[in-house]
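Protein chains in written order, with our numbering: chain Z, 1 to 593; chain U, 1001 to 1178.
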């Protein structure tokens, strides 16, 4: 580092900033200066994955690295005084020491960090930080010591499969692109992460942009491409800034451009900002979008490896896949292949969200079970409620019920459940989540995002959505379930691209595992999770109502009776279930039953 | 989806500025989307005259440009309100009842999703995921994020923004009109 005796690092990834990291950082800088602490350095880093404890501040005092969670600007004074000036860590805010001891140690214990190796450890805006952690050693090794075929053989031997969701072997994909005739080829990094509830790629691009770029360079060398594009969502402004800065810094040091690292290898890179279309995660749609057109998919074959961007052979990989590549080159194929199951090697990053205690980013070895991730790594369900299901693979994936919680993280095993590995979104649901509503939510998403090119996706998903909307509103009909099944199977079989083919999955899997919930909605007009607004009873909890009369005044049908400072009551006969009382109550006294 | 540039309310790039930009970035095909993104950054939306200008420079038909604009969620053909409310409807926010917040904001502001209030103050737009899942449910107003929301908190926030607008207007009154 430098002459500083203490280094204070603030996590300023998007999740950290949302929790107020910028204000914490400014306050630390202000107070460090005000207290004259000239041997203290203040730095920033990306997401370490503990989103549930943001804002995170690490104090490295030369002996130990102490990580503090839930730091707010008003805690800085005590933190600096007690830890930095007096040398006594503040025990009640400490969550981890030296990455292994402390109340949150369990979160990291089962993780194996390959993709996230640098996230939360380096300043993502510093090329020197990346270089200090073996950065760009892999590409140098590749251009100096290996032939392109040897690189491809190594990637193939590692067993790495595409982390975007489908799990196609990366080495095989590269070989196709290498074998395609032509001198002009492209490498494209797909950073158009669109699944709601997934933020793995964002964290990597934000927290460790160079690892993605190095992966792209190695790919370029292997397939014979000299140009690359990073297609990144415009909704990820920070990731774009960090990637741009990384490219600028590389160019300034002649590490991007012609004749790199003392060899004849040349590689240049551009960033394309996606303009907000989920379907652009599909590779042919992504190519159309880079070309400046409407991002509509086309039939394959020809595959992009043969005819891709500008009609030239193109290899498209996901962020996580590319970030793994430098690690494989430096550690060997066997190191990755030693992790995981027979057919799924290495690690997988998951974005944990929903009703789980530790929401955030985890990287686990393949072959771990779903239960181990949810309970051992993420601490179980909020409020210790019952674990009901997990949605994997976002809108293209499916729901896996708690009864299959021992399913291994393995492409084939997860496919057997009807879900898919997907890009890594894992949304955990408890007994208060309605599965019919969940299916409706995902279908509404894909329906909205359908590009409209093929009929089965454009119209089919709309018909399914209409049925689901009816069911959650209590207007379901007995033949709705067979209709959903039939439509779903047809769409799967006939849609043009992956978006349409997988769109029915959330409905089909919830029908497979939670059919009784659909039936309760349809036949008994009842929502077993007490979630669907039209199918619940609104009640006022006598223990919480203070008799402020707000709900009675706001109720459009005057269904609420009660006098000032007296408990109020809802007349279920008059109630139209608009939910207004729930939103106006300041005492949390209105409940759904 | 950038909030409009309110520091320079009158700022409008001339067609020649766009042409210059195109000349600088236009060495390869596929510049239409970046060009539209730049236009929107400047105006806050894509005005009709910009479509005509871009078409005359790029020779891409206006109809095709319109097709691209309407395909991508990022582009808008109407000006934004002063405060852009982005309501997260990502999965985590959804399971934490973002729907209730949506209905609440719609009712409070008397507007629909992707619409702007009559006074030009607020634009409401649902977005897929703001990536603050651990703070769900979340809204963003311009570049400020508000997490762990409840209906009373949302009402309070809207009230504060209305007051903020009134204070700002009072301060600028008598000066140049925006």
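Positions of the beta carbon are idealized from the N, C-alpha and C atoms, including for glycine.
Where residue i falls: helix, strand or coil (DSSP)
{"i": "residue 354/Z", "result": "strand"}
{"i": "residue 265/Z", "result": "coil"}
{"i": "residue 1075/U", "result": "coil"}
{"i": "residue 11/Z", "result": "strand"}
{"i": "residue 449/Z", "result": "helix"}
{"i": "residue 190/Z", "result": "strand"}
{"i": "residue 1111/U", "result": "coil"}
{"i": "residue 1040/U", "result": "helix"}
{"i": "residue 443/Z", "result": "helix"}
{"i": "residue 110/Z", "result": "coil"}
{"i": "residue 91/Z", "result": "helix"}
{"i": "residue 552/Z", "result": "helix"}
{"i": "residue 1135/U", "result": "helix"}
{"i": "residue 1005/U", "result": "For residue 1005/U, the pLDDT reaches just 42, beneath the cut-off of 50, and the residue's location in the model is therefore unreliable, leaving the point undetermined."}
{"i": "residue 401/Z", "result": "strand"}
{"i": "residue 169/Z", "result": "strand"}
{"i": "residue 1093/U", "result": "helix"}
{"i": "residue 539/Z", "result": "strand"}
{"i": "residue 2/Z", "result": "Its pLDDT being 42, under 50, residue 2/Z is placed unreliably by the model, and nothing is read from it."}
Chain Z contact residues for residue i, given Cβ-Cβ distances below 8 Å
{"i": "residue 1147/U", "result": "18, 19"}
{"i": "residue 1033/U", "result": "272, 273, 275, 289, 292"}
Residues that residue i contacts on chain U, provided the C-beta gap is smaller than 8 Å
{"i": "residue 582/Z", "result": "1100, 1151"}
Delimiting residues of the alpha helix (DSSP H) encompassing residue i
{"i": "residue 546/Z", "result": "Note, residue 546/Z: premise wrong, no alpha helix (DSSP H); not H, not E."}
{"i": "residue 337/Z", "result": "333–337"}
{"i": "residue 1155/U", "result": "1151–1172"}
{"i": "residue 55/Z", "result": "From DSSP, residue 55/Z is part of no alpha helix (DSSP H); its letter is neither H nor E."}
{"i": "residue 291/Z", "result": "Unbroken run through residue 291/Z: none, as it is neither H nor E."}
Spatially closest choice to residue i from the options, by CA coordinates
{"i": "residue 1102/U", "options": "1168/U, 1073/U, 1079/U, 1140/U", "result": "1140/U"}
{"i": "residue 199/Z", "options": "149/Z, 233/Z, 174/Z", "result": "233/Z"}
{"i": "residue 1105/U", "options": "1122/U, 1037/U, 1036/U, 1032/U", "result": "1122/U"}
{"i": "residue 183/Z", "options": "407/Z, 70/Z, 227/Z, 381/Z", "result": "227/Z"}
{"i": "residue 1090/U", "options": "353/Z, 49/Z, 495/Z", "result": "353/Z"}
{"i": "residue 346/Z", "options": "461/Z, 160/Z, 222/Z, 217/Z", "result": "160/Z"}
{"i": "residue 12/Z", "options": "32/Z, 71/Z, 35/Z", "result": "71/Z"}
{"i": "residue 269/Z", "options": "425/Z, 213/Z, 218/Z", "result": "213/Z"}
{"i": "residue 394/Z", "options": "413/Z, 404/Z, 141/Z, 498/Z", "result": "498/Z"}
{"i": "residue 528/Z", "options": "571/Z, 472/Z, 77/Z, 410/Z", "result": "472/Z"}
{"i": "residue 215/Z", "options": "192/Z, 90/Z, 171/Z, 438/Z", "result": "171/Z"}
{"i": "residue 59/Z", "options": "148/Z, 144/Z, 500/Z, 9/Z", "result": "9/Z"}
Burial state of residue i (16 or more Cβ within 10 Å)
{"i": "residue 25/Z", "result": "buried"}
{"i": "residue 85/Z", "result": "exposed"}
{"i": "residue 377/Z", "result": "buried"}
{"i": "residue 254/Z", "result": "exposed"}
{"i": "residue 644/Z", "result": "Residue 644/Z lies beyond the range of chain Z shown here (1 to 593); nothing can be said about it."}
{"i": "residue 1010/U", "result": "Caution is warranted here: a pLDDT of 40 is assigned to residue 1010/U, below 50, making its placement in the model unreliable, and no coordinate value can be reported."}
{"i": "residue 523/Z", "result": "exposed"}
{"i": "residue 553/Z", "result": "exposed"}
{"i": "residue 537/Z", "result": "exposed"}
{"i": "residue 36/Z", "result": "exposed"}
{"i": "residue 1134/U", "result": "buried"}
{"i": "residue 573/Z", "result": "exposed"}
{"i": "residue 259/Z", "result": "exposed"}
{"i": "residue 452/Z", "result": "exposed"}
{"i": "residue 121/Z", "result": "buried"}
{"i": "residue 210/Z", "result": "buried"}
{"i": "residue 324/Z", "result": "buried"}
Proximal chain U residues relative to residue i, where beta-carbon distance stays under 9 Å
{"i": "residue 43/Z", "result": "By Cβ distance, chain U contributes nothing, its closest Cβ being about 22 Å from residue 43/Z, past 9 Å."}
{"i": "residue 52/Z", "result": "1134"}
Neighbour flag for residue i against chain A, beta carbons, 8 Å
{"i": "residue 586/Z", "result": "The structure shown contains no chain A; its protein chains are Z and U."}
Terminal residues of the beta strand (DSSP E) in which residue i lies
{"i": "residue 317/Z", "result": "314–318"}
{"i": "residue 426/Z", "result": "425–430"}
{"i": "residue 366/Z", "result": "Looking at the DSSP string, residue 366/Z is not in any beta strand (DSSP E), and its letter there is neither H nor E."}
{"i": "residue 228/Z", "result": "227–233"}
{"i": "residue 1126/U", "result": "1122–1127"}
{"i": "residue 392/Z", "result": "387–392"}
Contact list for residue i against chain Z, beta-carbon separation under 7 Å
{"i": "residue 1094/U", "result": "441"}
{"i": "residue 1075/U", "result": "275"}
{"i": "residue 1030/U", "result": "290, 291, 292"}
{"i": "residue 1072/U", "result": "275, 276, 277"}
{"i": "residue 1104/U", "result": "583"}
Contacts that residue i makes with chain U (C-beta to C-beta distance below 7 Å)
{"i": "residue 353/Z", "result": "1091, 1092, 1133"}
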